[in-house]
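Residue 37 in my numbering is what sits at position 41 of the sequence shown, and the numbering runs on without skipping anything. No residue lacks a Cβ here, since even glycine has one placed at the ideal position from N, Cα and C. To keep things clear, I will list the structure first and then write my remarks on it.
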Amino acid sequence: MVLEVALIDVLAGQEDAFARAYAEGHPVLAGTPGCRSVRMTRGIESPSRFVLLVEWDSVEAHLENFRDTERFTTWRSLIGPYFATPPVVEHFTDVVPPA
């Protein structure tokens, strides 16, 4: 499993519109083959900052099944107009404690 973490800064005053666009686009992302879960969180101290957390089967599942498809174009067309800056996106894996 791979965790995609996207830090998204939204234009001030557009937070509710962004949240509605995310709700509309959620099924597009969540229905992607290889996507295990999707969660969007909103900052308390910084309410214009959102964090998207997506669990994927692999980095390849993210890139090949989503980023390189029309799904991504649809997703980005919904939420992209609200970005204050381009999102910072990285992939992470779990750290397994020693046995």
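If you count every other CB in all the chains shown that lies within 10 Å of the CB of residue i, and 16 or more means buried, which is it?
i     : result
Ile4  : buried
Thr28 : buried
Glu86 : exposed
Ile75 : buried
Hey, out of the options, whose CA is closest to residue i's CA?
i       : options                : result
Met(-3) : Val50, Leu25 and Glu11 : Val50
Roughly how far, in whole angstroms, is the beta-carbon of residue i from the beta-carbon of residue j, given that I think they are within contact range, below 8 angstroms?
i       : j     : result
Val34   : His22 : 6 angstroms
Leu(-1) : Phe88 : 5 angstroms
Val1    : Val47 : 7 angstroms
Ala80   : Ser44 : 7 angstroms
Asp53   : Arg32 : 7 angstroms
Whole angstroms are fine: how far does the CA of residue j sit from the CA of residue i?
i     : j     : result
Arg72 : Asp90 : 27 angstroms
Tyr78 : Pro93 : 39 angstroms
Glu20 : Gly39 : 20 angstroms
4-residue-minimum alpha helix (DSSP H) runs that sit fully inside the stretch 30 to 68, ordered along the chain:
Scanning the stretch 30 to 68 for uninterrupted alpha helix (DSSP H) segments of 4 residues or longer gives 55 to 58, listed from N- to C-terminal end.
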